[in-house]
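The block underneath contains the structure these notes are about, expressed in structure tokens.
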Amino acid sequence: MSIARQLHQSDHSALCARYSAVEVGTAAAEAFSQRPQPAPASSTPSGITELVLTQHSPDTQMLLLPMLAYLSSNNDRWITWISDAPVDRNVLAAYGVDTHKIRVIRESSEESTRWILWEALSAGTSHTVIATLSDASEETVSHLESAAQEGNSHGLLIRYR
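Residue numbers (this note's numbering): 622 to 782.
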């Protein structure tokens, strides 16, 4: 069985222990590129929302955290936040986020973030998956929309300008 197939069917961390990072990364890229093409945009609703924020703006938390509070109080599934920076649970709680319904995954690599985002969307265990991507091509967004539809999830892509 190929590493790509194993990645799709089993635990990512167990595979990382068994194979080198290069093998897992190559397999992840292969699996990502072999995803079925999404249906035309006109016939399916988008599962991805893009939010463009001003870098280093003090208003960023005031925009994002109330949104997380709303999402955490109105759904039973997880909110998964893939972040390259630490997320303070006390700050989340101060904004009304149910911290028992949010899981934070720390990742600094854009390629790994993209892979984790795709996996979390397609798994269906999260109602919303949030990640920061500096540059998401139309092809990447299409693949993520397919994953979101497969997992009945929604993705929130954050970009800074």
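Yeah, the Cβ is synthetic: ideal placement off N, Cα and C, and Gly gets one too.
Residue i - DSSP class collapsed to helix/strand/coil
i: Ala744; result: helix
i: Tyr781; result: strand
i: Ala757; result: coil
i: His677; result: coil
i: Thr665; result: Unreliable placement is indicated for Thr665, whose pLDDT of 38 sits below 50; the coordinate value is still reported in the next sentence. In this structure, Thr665 counts as coil in the three-state DSSP scheme.
i: Gly772; result: helix
i: Val750; result: strand
i: Pro707; result: coil
i: Thr734; result: helix
i: Tyr716; result: coil
i: Val762; result: helix
Inter-residue Cα distance where the pair is residue i and residue j
i: Ile779; j: Lys722; result: 20 Å
i: Asp719; j: Ser694; result: 7 Å
i: Pro679; j: Ile669; result: 25 Å
i: Ser776; j: Arg735; result: One point to set straight first is that residue 776 is Gly, not Ser, in the sequence displayed. Using only the alpha carbons, I get a separation of about 11 Å.
i: Val708; j: Ser767; result: 28 Å
i: His677; j: Ser704; result: 16 Å
i: Ala690; j: Glu728; result: 22 Å
i: Thr701; j: Ile751; result: 6 Å
i: Thr675; j: Ala706; result: 17 Å
i: Leu684; j: Leu713; result: 12 Å
i: Gln770; j: Glu759; result: 16 Å
i: Ala715; j: Asp697; result: 20 Å
First through last residue of the beta strand (DSSP E) which encompasses residue i
i: Ser704; result: Trp699 to Ser704
i: Val725; result: Ile723 to Arg727
Endpoints, the alpha helix (DSSP H) within which residue i is located
i: Thr670; result: Run containing Thr670: none in the alpha helix (DSSP H); it sits in the beta strand (DSSP E), Ile669 to Leu674.
7 Å Cβ cutoff met for residue i and residue j
i: Ser747; j: Trp699; result: yes
i: Thr753; j: Leu692; result: no
i: Lys745; j: Gly717; result: According to the sequence as given, residue 745 is Gly; it is not Lys. For Gly745 and Gly717, no; Cβs fall outside 7 Å.
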